[in-house]
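Asks: Sending over a structure as structure tokens; questions will come in a sec.
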Amino acid sequence: MEHCDFLALRNMLLRTHMQDLKDITNSVHYENFRCRKLAGVGSDGKPARLCNKNPLDQLEEEKKEHENKMKRMEQEMEQVFELKVKEKRQKLKDSEQDLQRRHEQIRLSLAKQAQELEEMRKAFEKEKKEFELTNKDVEDAFKRMTMDNNSKELQDKHWSWFKKTDTMFPMFHGPPFSFSANSSPFTFRMTSKTNVTWFNIRRVVIVNEGIKLVFLVILVLFVMFLCCKECDMGQKLWAWLMALREQRSAAEQRRMVIPRTDARNTETERAAGDTA
């Protein structure tokens, strides 16, 4: 203590009066600071002027100021909104005018194209009529030629079977009917090159129908044979076919054996001649 005064200060403050110092600082000094600091601050956060007015009058004035401020803000917002609405309406009006102008341009261009197409169609019709008038003779000749070709092809198609029957029936030499160019496929007349009577034609038709009927009967019997193997008729047919097959195989075997025996006989004769 003789050489340092700080020890006495430390003992006095920290050991003896520390809690008292904390309580006084918190309860007295801080509260005084708060009172002085907050007394000079208004509701808007700015330092307020100290006056001797009634607090109720002061609150009423602040309320009026706030209402005036809100009205000014509302008016400003309405002005901004009206300005934006005017701008939007002007833009819509401009776009509508632009669309109308473009629509009118497109309508005029389409009308012009339709007029040009109509003129081209009329010109084409005129050229077509002129071409038909100038080439009418050529067209008639072409039609006659095509009709002749068609009649010839139809004649060859419908009466080609008469050519096949020339070898079977010598009385036919060429098709018995010929078509005219201006007649339908069902109108025909007798040719002058053939001496064919209706009786001969009928006989040929009957022979052809008979051949078709024979083939049909054979086909029906074959189908019955395949479908009815277990019935008596099927068994008899099957046995007859098997016997015919065996006879055929035996005949083939005999044909194969006879040349072998002939070859053996010739070999034995040659050997006997050599020995002699």
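Sequential numbering from 1 applies to the sequence shown in this note's numbering.
Even for Gly, the Cβ is constructed at its ideal location relative to N, Cα and C.
1) In angstroms with no decimal places, state the Cα-to-Cα distance between D137 and K212.
2) DSSP on D98, reduced to helix/strand/coil?
3) Could you compute how far the alpha carbon of L237 sits from the alpha carbon of A250?
4) Could you have a look at D137 and say whether DSSP puts it in helix, strand or coil?
5) Taking the Cβ atom as the reference point for each residue, do L13 and L21 lie within a distance shorter than 8 Å?
6) How long is the line joining the alpha carbons of E132 and G210, rounded to whole angstroms?
7) Is there a Cβ from chain C that is less than 8 Å from the Cβ of E116?
8) Taking 6 Å as the limit between beta carbons, can you name the residues of its chain near K126, skipping five residues before and five after?
9) Could you tell me the alpha carbon to alpha carbon distance between V220 and L241, rounded to whole angstroms?
10) Measure the alpha-carbon distance for K86 versus N54 and round it to whole angstroms.
11) Helix, strand or coil for N68 per DSSP?
12) Taking the alpha helix (DSSP H) that R10 falls in, what are its first and last residues?
13) How big is the Cα-Cα spacing for Q115 and D98?
14) By how many angstroms is the C-alpha of D140 removed from the C-alpha of S109?
15) From which residue to which residue does the alpha helix (DSSP H) around L21 run?
16) Pull up the distance between the alpha-carbon of L59 and that of E65, whole angstroms please.
Replies: Quick look at the numbers:
1) 49 Å
2) helix
3) 20 Å
4) helix
5) yes
6) 55 Å
7) Chain labels in this structure do not include chain C; a single protein chain is all it has.
8) none
9) 17 Å
10) 48 Å
11) helix
12) F6 to R10
13) 26 Å
14) 44 Å
15) M18 to I24
16) 10 Å
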